[in-house]
Every structure is written in structure tokens, then in C-alpha cells.
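Worksheet: the structure to be examined is printed underneath.
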Amino acid sequence: ELDKMSAADTAALLSLMEGGRLVRAKKGRTLDVTVPIKVVAATNQVTKLSPELKSRFAIRKLKPYDAAQYRTVVKGVLVRRENVNPELAEEIAQKLEGKSQDVRDAVRVARLSPQLSIDKAIRLLLN
């Protein structure tokens, strides 16, 4: 996420995006290369980006998931990345509907559900 980059990384990115040149000096070695590059980045808060960084991007805002999209994404993430069975993933997605739009909340609920019930995990995390 672009808004969480360090100042040194931001400076390197600005240089890279300006002229396609990457310069790094580390432990007595220097890297200086020119590369054709396109940068795609994401941020949660565009307002935290410096004007010079913002000016180098074509900013696009994404709409939040609707309820059906949220359920689909949650189920996909839980089944593929967290090895949750599809029925449990569906239950978690349904119970989070209207309470959260953050897929990471669903992951946390899934990870807690072996120790707690889904409802208790949701109350613990979201209240």
C-alpha cells in the first residue's frame, strides 16, 4: 500500500517513475539501471500521498463490494487461502454481511472459529 511506504522507498519510486532510473547504494555497492517500467499501486488513503507522488498516477477509485460480491470474495479467500471448507466459508460470509466490508475480518473470524463459535468470534472482533 503506497501510503505506508517509507520515505526512502518513496524517493526511490519517484526517481524510478520520473525517468525510469533506479539507483541504489548498499554496503559499498551501487546499482544504477534504467528500465522501462509501469507502476500500478494501491492505497487506502489518497490524502496521505504527497502531491508529487499523486501527480505521477492516474487515480482510480474503486466502489465498495456489494453484498453478493463481498460473499463471493470472502468465500474464495477463505476456501483457497485459508483452507476453510466451503460451507463454513459461506456461513462466515453470511454472518459478516452488514457488519463488515473487510475481507481480513472474515479471515480473522475463520482463524478463531476452531476455538470459538463464529458468532463469538464476530462479537470479539467487531464489537
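Position 42 of the sequence shown, counting from 1, maps to 42 under the UniProt record's numbering, and the rest follow consecutively.
Heads up, the beta-carbon is just placed ideally off N, CA and C, and yes, glycines get one too.
Residues of its chain near residue i, where Cβ-Cβ distance is below 6 Å and the 5 sequence neighbours each way are ignored
i	result
S113	A121
L31	R24
N- and C-terminal bounds of the beta strand (DSSP E) containing residue i
i	result
K26	R21 to K26
V33	R29 to T34
Distance between beta carbons of residue j and residue i, contact taken as under 8 Å
i	j	result
V107	V77	7 Å
E97	K75	Incorrect: roughly 12 Å between the Cβ atoms, too far for contact.
E52	L13	Wrong, their Cβ atoms sit about 10 Å apart, outside the cutoff.
K95	I59	So it is not a contact: roughly 34 Å between Cβ atoms.
Buried or exposed (CB count within 10 angstroms, at least 16 for buried), residue i
i	result
L126	exposed
V109	buried
R24	exposed
L2	buried
L49	buried
R123	exposed
G93	Before going on, a small fix: residue 93 reads as Ala here, not Gly. Per the 10 Å Cβ criterion, buried.
V84	buried
R80	exposed
R29	exposed
R104	exposed
R111	exposed
Unbroken alpha helix (DSSP H) run spanning residue i, endpoints
i	result
T72	A67 to E82
P51	P51 to K54
V107	V103 to L112
K95	P86 to L96
A121	I118 to L126
Beta-carbon contacts of residue i that lie in its chain and below 8 Å, excluding the five residues immediately before and after
i	result
L116	L124
Contact set for residue i: own chain, Cβ-Cβ below 7 Å, skip 5 residues either direction
i	result
M17	V39 and R56
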